[in-house]
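Residue numbers (the working numbering): 25 to 328.
Glycine included, every Cβ here is placed at the ideal spot set by N, Cα and C.
The structure appears below as structure tokens.
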Amino acid sequence: TPSTTDPCPIIWQDLNRKGYITSYGEDVTDISTFNFHKKGFQEPPTDYYWRPLLFAAESQFKKKTVDTIHKYCVGSSSEAEHLMQYTHEFVNQFSDYSYFNFVWMNAFSHDDVNTPSRMDKHVYEFLSGLNYTALNNTVVIFMSDHGVRFGPIRQTYSGWFEDRLPYIFFHFPAWYQAKYPGKIRNLRDNRNRLTTVYDVYDTLNALTRLTNRSSCNNSRSLLEPISVHRSCAEMNISKHYCTCTELINLSREDPKALRLAQYVLGIISKRLEKHKTTVKPNYHCANLTLKSIHLLQTDRNPFK
């Protein structure tokens, strides 16, 4: 494992070699993509790199936290707003050039399902403010990596999908849609297909003409037809993250339910004991007991 992420092959390196102007920015330094439990980059990874400015701002300005991990304000605006303004300036400056801009925002949405709505107006203005020139020669991908992974919402039916089905939206220029109707039709059809991040990567490769080869054996560009029969097993998606199955409720009074609950309780207790002895030797963990069973579900079909 490298000490930093500099040696990692990332698509913006390939694009830079092809003459693309590249930019990368996130609105939080400590949980950013390449720095959370990692050492990040020793050298600027792109032509324009937001992190040094943000790091200086976080070091110099008083921290303000509201409801979520970070709510820093730099002057009269949040870090996310500054990052969106920075992105506007980059896009407008290089609208006549080939460019790749990767922007990731965490601060206002990471820990609370309600806080993203506070930024609706700002995000709407950001997307609406992209001028015609920028949108006429650029593909815009608006996406997430996961939903809310903690809290009461995870106990709901929709909460089960929060860490399994991140959203992704594509905006293509009107001329591209008119010139390549088959590709756009495939993209629309693939909304109802099983797709992965490897397909997104292949889509970027196809759009920038880096390569026509798939990043792995089973992946393909989202502009190509994807089989309706594609399965989680085929795409190496673990059962935990597979949503291509139907869950049915079982009786909580079933004797198997109690045995299963006791088994899970035993696993948790063993992990707590291991954590206590190896990580926190002075901790005293409570002896867990089963109080009640709220829900028991199983797959209607075997994992596939």
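- Taking 8 Å as the cut-off, the beta carbon of I261 is found no closer than this to the beta carbon of R324.
- Using a C-beta cut-off of 8 Å, the stretch 181-192 makes no contact with the stretch 142-153, since fewer than three inter-stretch Cβ pairs fall below that distance.
- The residue from G99, H61 and S102 with its alpha-carbon nearest to that of S27 is H61.
- Within the same chain, and ignoring the five residues on either side of E67 in sequence, the residues whose Cβ sits closer than 7 Å to its Cβ are D30.
- Cβ atoms of S243 and D223 come within 8 Å of each other, at about 5 Å.
- In this structure, L246 places its C-beta atom within 8 Å of the C-beta atom of L211.
- Counting along the chain, E113 sits inside the alpha helix (DSSP H) bounded by residues E103 to Q117.
- If you check the CB distance, H112 and L159 do not come in under 8 Å.
- The beta carbons of F124 and L189 sit no closer together than 8 Å.
- About 7 Å separates the Cβ atoms of Q321 and L274, confirming a contact at the 8 Å cut-off.
- The residue from H253, M259, P197 and F79 with its alpha-carbon nearest to that of L231 is P197.
- M259 and S100 have their alpha carbons spaced roughly 46 Å apart.
- Going by beta carbons, A104 and D187 fall outside the 8 Å limit.
- An exposed status is given to P33, since fewer than 16 other beta-carbon atoms sit within 10 Å of its beta-carbon.
- Annotation: P279 to H170 spans about 35 Å, alpha carbon to alpha carbon.
- For Q321, there is no enclosing alpha helix (DSSP H); the residue is part of the beta strand (DSSP E) that begins and ends at Q321 to D323.
- The C-beta separation of V127 from L154 comes to about 12 Å, leaving the pair out of contact by the 8 Å criterion.
- Leaving aside the five residues that flank P249 on each side, the residues in its chain whose CB is nearer than 8 Å to its CB run, in chain order, N210, D213 and N214.
- The beta carbon of A80 is closer than 8 Å to none in its chain, skipping five residues each way along the sequence.
- Counting other Cβ atoms within 10 Å of its Cβ, F85 stays below 16 and is therefore classed as exposed.
- For V164 and L228, the gap between their C-alpha atoms comes out near 11 Å.
- Restricting attention to C256, Y72 and Y73, the CA atom closest to the CA of C268 is found in C256.
- Under DSSP, M167 forms a beta bridge with I192.
- In chain order, F193 place their CB closer than 7 Å to the CB of F166, counting only its own chain and leaving out the 5 sequence neighbours on each side.
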